[in-house]
Ligand code: HEM
Ligand SMILES: [Cu+2]
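Chains as they are written, first to last, in the working numbering: chain X, 1 to 555; chain P, 1 to 348.
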């Protein structure tokens, strides 16, 4: 199938050079310039990985500061203004600089062309540009937050954001710029899927990760302009008092919320759909089974992307929205839940009659299943309008979106990191440490956020610097969980860094996966495949014994 | 049972009719969620074990779901979700549609306090008194940024928006004191924006409100400074009319244009009055107020300086109400259009 040689290029030992004219992308040019001006999607993906992890660290440190502050009621380690800036910084960095780009910009970039049998993405230079646009936006955002600080929360609700004296404009300008990066990446992936598929890869032979990235890209391209527009409006209003959102000037304070959630609700699927995609790959590989309902999973990604656009009003049930609107948004919210349920059932179905190899990525799959089911169900509960009246803007909501958004996404991000680590770096990580830290992280996550569900039930509002005494026990539990979680991440950082240099050489396909990306070398050469373009006669995720295989229904 | 579940779920005391409904649905939803996720979890666990890999290169069968399976995957959750939604939406409609006989209270959020005012009643900061077992409609607004009025024990919450009224209602079931929190981030002291609802048994509440009317506890914030707290014009006018009667204004001033001991109120507002000292002055709010507080300052020519001062006898809001009343008598066919002040229309 793949005409490539099986020479292991990981170390790229010098004496191999006369055999191998296709060094791995990692060593094909070692100057700084060859990295920062590269148009290779894999190098760009790797650079994204570096920055995304950096921002995850920044966001994580701020998360721990928040949890420490909330250990006791009243001031603990900082004053109220600092706290308000801290949670804003945490939210903004995590959402705009980590979660949105995490999977698409890192693993999407790296794997999508490989999975389509392409040499690169459709617009390699645009791809590099999107990295630099992202970094420019990040600089504006961080500069604004560190010089003056911002205390609006990541939601920037007006009229507070148009009145506050803190630095709104540069931060919103940063978000505006990052939007362009998101749009550029999205367009690039969409065009790549349409034009760069290798012969043999029809739409319904695309791996499910590609489907998920495709659906995500559609959302990015359609929704991001709205937040771009909105950030400009708010910055202008903040600087020049335009009155768009100010009732004193005839503006509408709720208009902002509509525009904001019209982007930000779909944006939650920008974060979580790629995670769903990663998990489809992983459950298939580690149970050596074709995906139970391939088409159902593919279509439900598109379904989520579609109805995700019409559910934004569920953030505004108590904003004075009409009862009728609340009903419509409530029903549409339920549909998102149904699409998610289809995926969950099909993942579990995939394991049925499979051959499960319980490796670290699979452990993350288990955690992911739990977070998705629980996060999704609490989402449905929130869409049940009368319950949302009680829960809205309490810690219940904080717990819900951390479960589904952060929980599911982090599980997928870590799973992807472990699963594709051999592909990206040609070495394997240490399985024992992998399982230990996965257990620690899943445990820590639950210990952090389950108490927050209960806090929400108990009535603790979000974004509280100080709280009545009766909330303390649960806050202490949550902080303890966060500490556990931090330990998990530290362990991962340590053994992965170690494996980067000393890990066992992986070989081409250590998981014996049938995913298309494993047909290439590990790590792949610059143009992905050596020799003539490979063809892909089988369905993706196809593990049937060729002798026993009755050919699946023609697609 | 439900008491037990509430403790298990850390729910605060449930003290309104709405809270009972919310809790019922909450238990239903949490119950099914737990059953469903345990089922999915156990099925997964069983399969991880049952189908573990035995040889490294093991192949598997090609299994795909039948149409019926996929149909079940879609329809079972959908039925549950829609059932929850149906119940939840019914309750939501209920809590956003106040009964006709509900008693009104205005609520205003302001960085960082809650102000309450009763039409024709007292104003208060951070303490809201309501009777038990009587529907109370809250008309909520904000003076600056967004806030959100939240009473965990009643399970109700509604945003406070500047320049707009929102409404929600509740009926407290148990006398007691319940916490009010602000749940929309509103700046520095967001977490200090606390208040309480004091639910009184009916008779006690009636006594309390009578006391308030007598003005004993009227050492409140000056409502005049809060234009958004001033009751709507129509009500202020009525209030002013009553006050003009009870305070004795109408003993000397007529409202039908006839001259009496003092000038008539009819058409007085915005009129140019000739004064004793030969000058003239336009009758505006300031002049009317001054005439009440210091009647001799600018005597209208042709009248005696006999009017007593009302300094100290009228509260700020009462003065304002009388001014509004006089303004309303500007032309024989009363006011034209509402002036400032919140509109008091049912909000849908
Ligand atoms: C699948 C990925 C999901 C993500 C990433 C996600 C994310 C979020 C986020 C971030 C919020 C908080 C909004 C805020 O800042 O207040 C939120 C709230 C909400 N989510 Fe989700 N959600 C997801 C799934 C669902 C599902 C499946 C449902 C229901 C079917 C749902 C229903 C809701 C509702 C109703 C709220 C509003 C709660 C409130 O603001 O009071 N979500 N979600
Ligand atoms: Cu507030």
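Where is the CB? At the ideal position from N, CA and C, for every residue including glycine.
Within-9 Å CB hit, residue i to chain X
i	result
residue 17(P)	no
residue 159(P)	yes
residue 41(P)	yes
residue 225(P)	The predicted position of residue 225(P) is uncertain, since its pLDDT is 45 and thus under 50; a value taken from the coordinates is nonetheless stated next. Cβ-Cβ to chain X under 9 Å: no for residue 225(P).
residue 190(P)	yes
residue 4(P)	no
residue 97(P)	yes
residue 104(P)	no
residue 230(P)	Caution is warranted here: a pLDDT of 49 is assigned to residue 230(P), below 50, making its placement in the model unreliable, and the coordinate value is therefore given only provisionally. Not an interface residue.
residue 91(P)	yes
residue 198(P)	no
residue 113(P)	no
Reference residue i, options the options, closest by Cα
i	options	result
residue 43(X)	254(X), 110(X), 364(X), 414(X)	110(X)
residue 257(P)	113(P), 30(P), 201(P), 329(P)	329(P)
residue 329(X)	161(P), 196(P), 175(P), 85(P)	85(P)
residue 319(X)	453(X), 169(X), 385(X)	385(X)
residue 205(P)	129(P), 4(P), 178(P)	129(P)
residue 102(X)	113(X), 141(X), 54(X)	54(X)
residue 81(X)	99(P), 289(P), 185(P), 113(P)	185(P)
residue 286(P)	111(P), 277(P), 297(P), 276(P)	297(P)
residue 324(X)	305(P), 159(P), 61(P), 92(P)	92(P)
Spatial neighbours of residue i in its chain, beta-carbon cut-off 8 Å, leaving aside the 5 residues before and after
i	result
residue 535(X)	1, 117, 198, 199, 200
residue 128(X)	37, 38, 39, 44
residue 25(X)	40, 42, 43, 523, 524, 525, 526
residue 486(X)	60, 64, 444
residue 194(P)	126, 179, 180, 181, 182
residue 105(P)	116, 117, 118, 128, 130, 136, 137, 138, 139
residue 226(X)	259, 262, 263
For residue i, the three-state DSSP class (helix, strand or coil)
i	result
residue 318(X)	coil
residue 161(X)	helix
residue 556(X)	Lying outside 1 to 555, the shown extent of chain X, residue 556(X) is not represented and no answer is given.
residue 86(X)	helix
residue 150(P)	strand
residue 218(P)	For residue 218(P), the predicted model reports a pLDDT of 43, less than 50, meaning its position is unreliable and no value from the coordinates is stated.
residue 556(X)	Since the first residue of chain X shown is 1 and the last is 555, residue 556(X) is not available in this structure.
residue 325(X)	helix
residue 179(P)	strand
residue 259(X)	helix
residue 92(X)	helix
residue 170(P)	strand
residue 110(P)	strand
residue 76(X)	coil
residue 587(X)	Past the edges of chain X, shown from 1 to 555, lies residue 587(X), and the structure says nothing about it.
residue 409(X)	helix
Residue-level contact to chain P via CB, residue i, 9 Å cutoff
i	result
residue 380(X)	yes
residue 234(X)	no
residue 289(X)	yes
residue 206(X)	no
residue 509(X)	no
Nonlocal neighbours in the same chain, by C-beta distance under 7 Å from residue i, ignoring five residues either side
i	result
residue 391(X)	382, 397, 456
residue 238(X)	161, 162, 168, 169
residue 413(X)	102, 103
residue 389(X)	317, 318
Buried or exposed by the 16-neighbour rule on C-beta atoms within 10 Å, applied to residue i
i	result
residue 505(X)	exposed
residue 87(P)	buried
residue 30(X)	exposed
residue 313(P)	exposed
residue 151(X)	buried
residue 406(X)	buried
residue 346(X)	buried
residue 146(X)	exposed
residue 322(P)	buried
Contacting residues, own chain, Cβ-Cβ under 6 Å from residue i (five flanking each side not counted)
i	result
residue 342(X)	296, 300
residue 438(X)	360, 363, 364
residue 225(P)	Note that residue 225(P) scores 45 on pLDDT, short of 50, meaning its location in the model is unreliable; the coordinates nonetheless yield the value given after this. Excluding positions up to five away in sequence, the list is empty.
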